[in-house]
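Notes to accompany the following structure.
Residue numbers (the numbering used here): 48 to 413.
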């Protein structure tokens, strides 16, 4: 397949990343008051966040990481320079930031896990878009088998998922946070990593096929299917939640969430393409969202810092002090503040601090 041309910056890429960042921030509401204990607006807000964003934003980030592999390969080819060494340095830089994020900010960090999975795509980078897409589908089937096993364990009561309070002392929260991450890592790698890797493969396939850059048959097919993907991606988790329902409902929820999350993420990619092509966003929204998309790493870390210090007991201790509807509003405000702060940090510069760090590690230019 001929190499696709990506002239300039792709606005849809920035929209996908910015939208995923906002959704990721809102997901914090799921870890405070269980849905079963919510009523009225609190239940509506919590349920809306769950069905719209849970795991879908993880797949969007993974998709864009795969897309970024293709972009970095193209830059290396045009510059007639090595791809492998800078790419491995980039993954190492991402892993370092992930370790620091776990130690200092949150146990829900995804950077280190993305770095680990990013190394697995290296030997597959020369596959055609078709082969990458086929392999992504295989990984989806693997995920269905593994989540079926997880569903069975959850149904039998052999596995339970729970959160751990970090206490009111920041120094004491560090070993607790690391312990939580270590506890969650095996389950993530065993049951969810194949689906995240599938999204990475799909992202690289999308780059090679020009899905985000040109009006080819692949994009037309995605745009036709997107409304159905969105509806099913919402209705399936709405009907079969993975927590708080009858055991058989939870069982079906675990079995179906990989498909629902994948369809929802695909629908959001289509929405970003539609918005970008039509220039539907006003300037006061487009500019900060574009800055957030270009500097998603800085926004990601800022969101974690702001959220943990607002809600944890060692900070302002708002966890448990707000109902879920109010917390969704606060979390949305945190996302907006992180985006605006990142835009401010890029004033007069092309990149925010963490992006400058990662580019320096990758290319050795500071």
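Every residue gets a Cβ at the ideal spot worked out from N, C-alpha and C, and that includes glycine.
The structure displayed is predicted, hence computed values, not measured ones.
Within 8 angstroms, strictly: CB atoms of residue i and residue j
i	j	result
residue 361	residue 220	yes
residue 248	residue 182	yes
residue 269	residue 59	no
residue 358	residue 88	no
residue 392	residue 72	no
residue 239	residue 117	no
residue 313	residue 228	no
residue 299	residue 92	no
residue 69	residue 368	no
residue 158	residue 144	yes
residue 110	residue 273	no
residue 101	residue 62	no
residue 252	residue 176	yes
residue 137	residue 409	yes
residue 148	residue 330	no
residue 242	residue 284	no
residue 349	residue 140	no
As assigned by DSSP and simplified to three states, the class of residue i
i	result
residue 94	helix
residue 385	helix
residue 156	coil
residue 218	helix
residue 230	helix
residue 187	helix
residue 302	helix
residue 412	coil
residue 194	helix
residue 131	helix
residue 166	helix
residue 403	helix
residue 259	coil
residue 49	Interpretation of residue 49 is limited by its pLDDT of 41, a score under 50 that renders its predicted location unreliable; the figure taken from the coordinates is listed afterwards. Residue 49 falls in the coil class under three-state DSSP.
residue 309	helix
residue 370	coil
residue 363	coil
residue 326	coil
residue 174	coil
residue 297	helix
Start-to-end residues for the alpha helix (DSSP H) that takes in residue i
i	result
residue 358	343-358
residue 77	Note, residue 77: premise wrong, no alpha helix (DSSP H); not H, not E.
residue 395	Unbroken run through residue 395: none, as it is neither H nor E.
residue 293	Careful: residue 293 lies outside any alpha helix (DSSP H) and carries neither H nor E.
residue 265	264-286
residue 110	103-126
Whole-Å CB distance - residue i paired with residue j, under 8 angstroms assumed
i	j	result
residue 250	residue 112	6 angstroms
residue 67	residue 99	No, residue 67 and residue 99 are not in contact; Cβ-Cβ is about 12 angstroms, not under 8 angstroms.
residue 289	residue 297	6 angstroms
residue 308	residue 103	5 angstroms
residue 311	residue 276	7 angstroms
The ligand ATP heavy atom lying under 7 angstroms from the CB of residue i
i	result
residue 345	Among the components modelled here there is no ligand, and therefore nothing to report on the ligand ATP.
Problem set entry | Segment contact flag, the stretch 258-265 with the stretch 276-286, C-beta cutoff 8 angstroms, min 3 pairs | With the cut-off at 8 angstroms, the stretch 258-265 and the stretch 276-286 do not touch.
Problem set entry | Segment contact, 8 angstroms Cβ cut-off, at least three pairs: the stretch 388-402 with the stretch 336-345 | These segments touch.
Problem set entry | Meets three-Cβ-pair contact criterion under 8 angstroms: the stretch 179-196 and the stretch 224-239 | Here the stretch 179-196 makes contact with the stretch 224-239; the two share three or more CB pairs at distances below 8 angstroms.
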